[in-house]
Amino acid sequence: MTDSAPPRRPRVRAPELIGKGGWLNTGDREYTLSDLRGRIVVLDFWTFCCINCLHVLDELRELEHRHPDTVVVIGVHSPKFAHEAEHGAVVDAVERYGVAHPVLDDPELATWKQYAVRAWPTLVVIDPEGYVVAQHAGEGHVHAIERLVTELEAEHGAKGTLRRGDGPYVPPEPEPTVLRFPGKALLLPSGNLLVSDTTRHQLVELAADGETVVRRIGQGGRGLTDGPADRARFQEPQGLALLPDGTVVVADTVNHALRRFDPETGRTTTLAGTGHQWMQGAATSGPAREVDLSSPWDVAWWQGRVWIAMAGVHQLWTYDPEDGTVAVAAGTTNEGLVDGPAAEAWFAQPSGLAATADRLWLADSETSALRWVDPDGAVHTAVGTGLFDFGHRDGAAGQALFQHPLGVTALPDGSVAVADTYNHALRRFDPATGEVTTLATDLREPSDAVLVGEDIVVVESARHRLTRLRLPEEAVRVESVAHRTRRAATEVAPGRLRLEVIFQAPQGQKLDTRYGPSTRLLVSSTPPELLLKGEGAGTDLSRELELDAAVREGVLHISAMAASCDDDPAGGREYPACHVHQQDWGVPVRLTEGATDRLPLVLAGLDEQESGSQMP
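Using our numbering, the letters of the sequence shown map in sequence onto residues 568 to 1183.
Below, the structure is given as structure tokens:
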């Protein structure tokens, strides 16, 4: 449903903040909403595996900087994977991603359920009197939230209900380790190792022992600056790939850029990207320095081009050094696991790449899958079933399980090693036998591995070190474990189901209808048999679905987009600023007689059928 008129702001009392894991970044103090009365509170429901959640963290930094004495951002960590429910992992993630606001660790999704959240990320705005006044799913909404914040500051300042002052954030003490949450590693021709020291925004060259620092590249603070080693700046760099000319291409993830580092001169230059995040409607090919990218996480040299795991938009891109261009190579930007021709395939946050002569292997982290691209561009899945099934299970590929792998490494015998990050393990898949085995356990969030002679050097990201292992002849046997996401399935009635995506153009904006319909809705399901009616694309954000009663459980995949522009009735600007609001939902459903026949998903605004009363 759409509404281009500015809605009257509803008054829904905000539920209390509850989380069994407790509070982080508050100096051990626990907070209630009453402690925050008088401040504008923005709840950020996130989980640290989710690239869209990481984008929102970056967006919120600007909001926090501009409104330091009126706005309090509270991160509500709501896990998808079993590993994300571990308190220590949340502590690590808060430091890893530079989260500079309080975080409530909610491993049982108690607050998530109280606020009826259905997607990562979701932002909820609470006014100084403790009422929910806005909810947004997905990224790219901070411009609308900032406008609302400005209105709330004026409104509650006049009423005397706004309380200015320092926020509750207390930074943790820094740890003096050589590396801090390193991401990826590369063996240089010299025999030294180059490591992306992600949280410190640097590259580090280590001697062959993997411990002795030879030099650091980058000043160590966030930024996008070219130049010699002591002047260059990166922002959470990840992937590294050696080019034929001996230089290294760097996936500079949060800068949405590719950089080139020359080990001979020590200089860093920018190859691709503008420093701005790619959004729907932007160019998907062209001169590399003129096209926006979105969180490139890893890179590999294959078939004469640099292949890019573009985690932020669930695609593979390429950079061609011959003509200096970038282009989409595979993926639709929809999140999921769909094989087939490159233009039709779906990925879910591809985060690791490894090239062999006839395959480009990739770790597709959000589907806990190992996948590959053939020389004709077709996409295949070796291990993995979808967004919500994961675990640690060896055996035949059809029933083996990973948990959010971030890295993949080609081995000399044609098999591949998988950095099975959330299982704290190094796994192996052999295409010749179709079997998955475990090479090593008791690694802490391994994110990459690199071959060095007969050894394999693993990036133990959460132990802040490189760990050298001898490749064993026999795999370690481990007890099989299988999980489904902690997110509960939504019970819906079989038969007719009314899907309603809630979108209200933010205050001061109107739907952008200059070039036709301003909204788009795409619906599919896993398994496909779940949907008897309602699959496909359309422009209406409401749709009648029909669910097959014989299929008791499944996942509805829903992608919604709405475009709005600033409303300037005085005609003061010839080209008003326009914004694209987009979110993909994977909604696990269980068909239950007598359950609801309506599925509301909030893209922006509040569900009118909920806003007249307390939230559940």
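Glycine residues also receive a C-beta, built at the ideal position from the N, C-alpha and C atoms.
DSSP three-state call for residue 1077: helix, strand or coil? Sequence index remark: in the sequence shown, residue 1077 carries index 510 (1-based). Three-state result, residue 1077: strand.
Beta-carbon spacing of residue 585, residue 610 below 8 Å: Here the question's residue 585 lines up with position 18 in the sequence shown. Here the question's residue 610 lines up with position 43 in the sequence shown. Against a cut-off of 8 Å, the Cβ pair of residue 610 and residue 585 comes out as no contact.
Under 8 Å: do the region 1120 to 1137 and the region 1067 to 1074 share three or more Cβ pairs, one atom per stretch? yes
Three-state class that DSSP yields for residue 812 in the structure shown: Position 245 of the sequence shown holds residue 812. Here residue 812 sits in coil by DSSP.
Alpha carbon to alpha carbon, what distance is there between residue 1011 and residue 828? For the purposes of this step, residue 828 is taken as residue 261 along the sequence shown, with counting starting at 1. For the purposes of this step, residue 1011 is taken as residue 444 along the sequence shown, with counting starting at 1. Residue 828 and residue 1011: Cα-Cα distance of roughly 28 Å.
Burial state of residue 853 (16 or more Cβ within 10 Å): Reading the sequence shown from its first residue, position 286 is the one you call residue 853. By the 10 Å Cβ count, residue 853 comes out exposed.
Cβ-Cβ distance between residue 1108 and residue 1098 below 8 Å: Taking the sequence shown and counting its residues from 1, one reaches residue 1108 at position 541. Taking the sequence shown and counting its residues from 1, one reaches residue 1098 at position 531. Taking 8 Å as the Cβ cut-off, residue 1108 and residue 1098 do not qualify as a contacting pair.
Exposed or buried, what is residue 850 when buried is set at 16 or more other beta-carbons lying within 10 Å of its beta-carbon? Counting from 1 along the sequence shown, the entry for residue 850 is found at position 283. Residue 850 comes out exposed.
Check the Cβ-Cβ distances between residue 1163 and every residue of chain C, and say whether any is below 8 Å. No chain C appears in the structure shown, which is made up of a single protein chain.
Nearest to residue 808 by CA position, among 1065, 692, 830 and 767, is which residue? Within the sequence shown, numbered from 1, the residue matching residue 808 stands at position 241. It is 830 whose Cα lies nearest to the Cα of residue 808.
For residue 796 and residue 749, I'd like the C-alpha separation in whole angstroms. Mapped onto the sequence shown, residue 796 falls at position 229. Mapped onto the sequence shown, residue 749 falls at position 182. In this structure, the CA atom of residue 796 is about 18 Å from the CA atom of residue 749.
Secondary structure of residue 731, DSSP reduced to three states: Taking the sequence shown and counting its residues from 1, the one referred to as residue 731 is at position 164. Three-state DSSP puts residue 731 in coil, outside helix and strand.
Going by the CB atoms, is the gap between residue 867 and residue 920 shorter than 8 Å? Start at 1 with the first residue of the sequence shown, and residue 920 comes out as number 353. Start at 1 with the first residue of the sequence shown, and residue 867 comes out as number 300. Yes, Cβ-Cβ distance for residue 920 and residue 867 is below 8 Å.
Determine the contact status of residue 918 and residue 878, defining contact as a CB-CB distance below 8 Å. The residue given as residue 918 occupies position 351 in the sequence shown. The residue given as residue 878 occupies position 311 in the sequence shown. In this structure, residue 878 lies closer than 8 Å to residue 918 by Cβ.
Of the residues 599, 948 and 792, the one placed nearest residue 784, counting alpha carbons only: Residue mapping note: residue 784 aligns to position 217 of the sequence shown, counting from 1. Among 599, 948 and 792, the Cα nearest to that of residue 784 is on 792.
Report the CB separation of residue 1045 from residue 980 in whole angstroms; it is logged as a contact under 8 Å. The residue given as residue 1045 occupies position 478 in the sequence shown. The residue given as residue 980 occupies position 413 in the sequence shown. Actually they do not touch by this definition, with Cβ atoms about 21 Å apart.
Between residue 819 and residue 802, how many whole angstroms is the CB-CB distance? I'm expecting something under 8 Å. In the sequence shown, counting from the first residue as 1, residue 819 sits at position 252. In the sequence shown, counting from the first residue as 1, residue 802 sits at position 235. Residue 819 to residue 802, Cβ: 6 Å. Contact.
Going by beta carbon distance, what residues of the same chain come within less than 8 Å of residue 1161, once the five residues before and after it are set aside? In the sequence shown, the residue the question calls residue 1161 occupies position 594. Same-chain partners within the cutoff: 1060.
Can you tell which of 779, 665, 698 and 728 has its C-alpha closest to the C-alpha of residue 767? Translated into the one-based positions of the sequence shown, residue 767 becomes position 200. Checking every option, the nearest Cα to that of residue 767 belongs to 665.
What do you reckon, are the CB atoms on residue 860 and residue 891 nearer than 8 Å? Position 293 of the sequence shown, counted from the first residue, corresponds to residue 860. Position 324 of the sequence shown, counted from the first residue, corresponds to residue 891. In this structure, residue 891 does not lie closer than 8 Å to residue 860 by Cβ.
Look up residue 1128 in the DSSP assignment and give the residues it is bridged to. In the sequence shown, counting from the first residue as 1, residue 1128 sits at position 561. Note: residue 1128 sits in a beta bridge opposite 1087 and 1149.
Does DSSP put residue 886 in a helix, in a strand, or in coil? As a working mapping, residue 886 is identified with position 319 in the sequence shown. It is a strand residue.
Could you check whether residue 1124 and residue 974 sit closer than 8 Å to each other, using their CB atoms as the reference points? Taking the first residue of the sequence shown as 1, we reach residue 974 at position 407. Taking the first residue of the sequence shown as 1, we reach residue 1124 at position 557. Taking 8 Å as the Cβ cut-off, residue 974 and residue 1124 do not qualify as a contacting pair.
Over what stretch of residues does the beta strand (DSSP E) that includes residue 784 continue unbroken? Locating residue 784 in the sequence shown gives position 217, where the first residue counts as 1. Start and end: 780 to 784.
By the three-class DSSP mapping on this structure, what secondary structure does residue 1183 have? For the purposes of this step, residue 1183 is taken as the residue at position 616 of the sequence shown. Any reading at residue 1183 is ruled out, since the residue's pLDDT is 42, under 50, leaving its predicted position unreliable.
Identify, in the order they occur along the chain, each residue of the same chain with its Cβ nearer than 6 Å to the Cβ of residue 1052, setting aside the five sequence neighbours on each side. The residue given as residue 1052 occupies position 485 in the sequence shown. Around residue 1052: 647 and 955.
Can you check the region 707 to 780 for any beta strand (DSSP E) of at least 3 residues that lies completely inside it and give the ranges in chain order? 752 to 754, 760 to 764 and 769 to 773
Pair within 8 Å by beta-carbon distance, residue 941 and residue 925: Working through the sequence shown from its first residue, we reach residue 941 at position 374. Working through the sequence shown from its first residue, we reach residue 925 at position 358. Going by C-beta atoms, residue 941 is nearer than 8 Å to residue 925.
Quick one: is residue 1054 buried, meaning 16 or more other Cβ sit within 10 Å of its Cβ, or exposed? Walking along the sequence shown from the start, residue 1054 turns up at place 487. Burial call: buried.
Where do the N-terminal and C-terminal ends of the beta strand (DSSP E) with residue 976 fall, by residue? Against the sequence shown, residue 976 aligns to sequence position 409. 974 to 977 is the extent of the beta strand (DSSP E) around residue 976.
If distances are taken between C-alpha atoms only, which option among 1001, 760 and 705 comes closest to residue 1153? As a position in the sequence shown, residue 1153 is number 586, starting the count at 1. The shortest C-alpha separation from residue 1153 is found at 705.
Within 10 angstroms of the Cβ of residue 815, are there 16 or more other Cβ atoms? Answer buried if so, exposed if not. For the purposes of this step, residue 815 is taken as the residue at position 248 of the sequence shown. Answer is buried; the Cβ neighbour count reaches 16.
Any idea what DSSP makes of residue 805, helix, strand or coil? Position 238 of the sequence shown, counted from the first residue, corresponds to residue 805. Here residue 805 sits in strand by DSSP.
Expressed to the nearest angstrom, what Euclidean distance is found between the alpha-carbon atoms of residue 1089 and residue 654? To locate residue 1089, count along the sequence shown from 1; it is residue 522. To locate residue 654, count along the sequence shown from 1; it is residue 87. C-alpha separation (whole angstroms): 36 Å.
Three-state secondary structure assigned by DSSP to residue 1046: As a working note, residue 1046 is residue 479 in the sequence shown. Here DSSP, grouped into helix, strand and coil, assigns residue 1046 to coil.
Residue 1067 in three-state terms, based on DSSP: Taking the sequence shown and counting its residues from 1, the one referred to as residue 1067 is at position 500. Note: residue 1067 maps to strand in three-state DSSP.
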